[in-house]
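Single-structure report; data block below.
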Amino acid sequence: MTQAVTKIEFHYPAFNRVRQSAGVIADLKRRGDAIAAAAGDGVDVQVVVGATRARVTVATATFEARKSEATDKTLTQAIGAGRG
Amino acid sequence: MVEIVEPADGETVLIQYLAHMLGQQPGFESVAVLGAMDAASPDYEPPAEAVTVRLTGGVPRDVLVANLQLTITAWAAGPGDEIRASDIARRSAGLILAAARLGYMGETVCNNVLALSLPYKDSDPVTSRARYSATFAVSMRGQIVGA
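Just so you know, the sequences run in chain order A and B.
The first sequence: position 49 = 48 (numbering that gives the first Met the number 0), numbered continuously.
The second sequence: position 32 = 31 (numbering that gives the first Met the number 0), numbered continuously.
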């Protein structure tokens with residue numbers, strides 16, 4: 000006896016549109032800003048919309064911020080601010 | 000009344016676990032594991048090779064378990080020893096990831112370890128010693144201390 004097989008077809012272009020949508024970009028920016036605020040001065044936030052998704056980068060931009068991360072892990076400790 | 004659950008002391012648990020496990024690894028027996036290196040103090044004599052452990056955050060998973068964010072930094076003896084620092088960091092990372100498969104980190108229940116970043120070059124700006132750092136989210140069960 001044969002059984003019917005359920006086949007799922009993912010619609011990747013739709014996934015990509017969601018991942019690049021204004022709502023996702025705004026949420027990424029909000030989380031990035033929260034991490035940067037928690038990390039202190041000299042931390043930049045950049046949102047980039049790639050081919051399949053938007054992404055946010057939070058990175059040190061000044062010597063003082065880089066030294067602070069290297070000695071005290073200030074940016075690493077701020078990651079939690081991006082949750083929720 | 001409700002039970003009082005104290006989150007695990009992640010730094011101490013990981014320091015004790017790594018010190019024990021690295022001590023059993025050929026070539027890594029002499030690596031010190033500690034909470035901090037006061038390298039900026041003029042009288043401080045830092046260990047030649049070391050791993051420092053720092054709790055850099057975390058969130059509760061549920062009433063009993065917390066996902067603790069722990070950052071390790073592996074120090075080599077000198078400024079040019081990046082390969083050795085990388086070796087220490089990668090071996091430490093392997094031991095930390097193994098804890099989830101063991102089910103325990105030392106005597107603390109640990110069912111999940113997620114590498115947030117595997118070892119990356121992170122030279123010390125104070126001493127210029129070669130360093131590699133990595134960050135993990137480690138689930139640790141807390142302790143019921145009262146009700």
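Just so it is clear, CB atoms sit at the ideal spot from N, CA and C, and this is done for glycine as well.
In this text, all values refer to a predicted model and were calculated from it rather than measured experimentally.
For residue i, does the three-state DSSP call read helix, strand or coil?
| i | result |
| --- | --- |
| residue 44 of chain A | strand |
| residue 65 of chain A | helix |
| residue 147 of chain B | As displayed, chain B neither begins before 0 nor continues past 146, which places residue 147 of chain B out of reach and without an answer. |
| residue 12 of chain A | helix |
| residue 81 of chain B | helix |
| residue 23 of chain A | helix |
| residue 75 of chain A | helix |
| residue 7 of chain A | coil |
| residue 51 of chain A | coil |
| residue 1 of chain A | coil |
| residue 82 of chain A | coil |
| residue 24 of chain B | coil |
| residue 16 of chain B | helix |
Determine which residues share a DSSP beta bridge with residue i and list them.
| i | result |
| --- | --- |
| residue 130 of chain B | B:74 |
| residue 135 of chain B | B:69, B:114 |
| residue 56 of chain A | A:45 |
| residue 104 of chain B | B:107 |
| residue 56 of chain B | B:68 |
| residue 50 of chain B | B:32, B:73 |
| residue 2 of chain B | For residue 2 of chain B, which the question treats as bridged, DSSP gives no partner whatsoever. |
| residue 140 of chain B | B:64 |
| residue 145 of chain B | B:3 |
| residue 120 of chain B | B:131 |
Which chain A residues sit within Cβ distance under 8 Å of residue i?
| i | result |
| --- | --- |
| residue 53 of chain B | 72 |
Mind listing the chain A neighbours of residue i? Cutoff is C-beta to C-beta under 9 Å, in chain order.
| i | result |
| --- | --- |
| residue 68 of chain B | 75, 76, 78, 79 |
Applying a beta-carbon distance threshold of less than 7 Å, which residues of chain A neighbour residue i?
| i | result |
| --- | --- |
| residue 56 of chain B | 76, 78, 79 |
| residue 134 of chain B | 75 |
On a Cα-Cα basis, can you pick out the residue from the options that is closest to residue i?
| i | options | result |
| --- | --- | --- |
| residue 47 of chain A | A:41, A:39, A:68, A:56 | A:56 |
| residue 65 of chain B | B:56, B:18, B:43 | B:56 |
| residue 139 of chain B | B:126, B:59, B:81 | B:59 |
| residue 47 of chain B | B:134, B:33, B:54 | B:33 |
| residue 94 of chain B | B:1, B:113, B:130, B:35 | B:113 |
| residue 20 of chain B | B:73, B:104, B:109 | B:104 |
| residue 71 of chain A | B:37, B:45, B:82 | B:37 |
| residue 19 of chain A | A:7, A:53, A:61, A:81 | A:53 |
| residue 77 of chain B | B:125, B:61, B:67 | B:125 |
If the cut-off is 9 Å on Cβ atoms, which residues from the stretch 106-132 of chain B count as contacting chain A, listed in chain order? 115, 116, 121, 122, 123, 124, 125, 130, 132
Residues of the stretch 49-81 of chain A whose Cβ lies closer than 7 Å to any Cβ of chain B, in chain order: 66, 69, 70, 72, 75, 76, 78, 79
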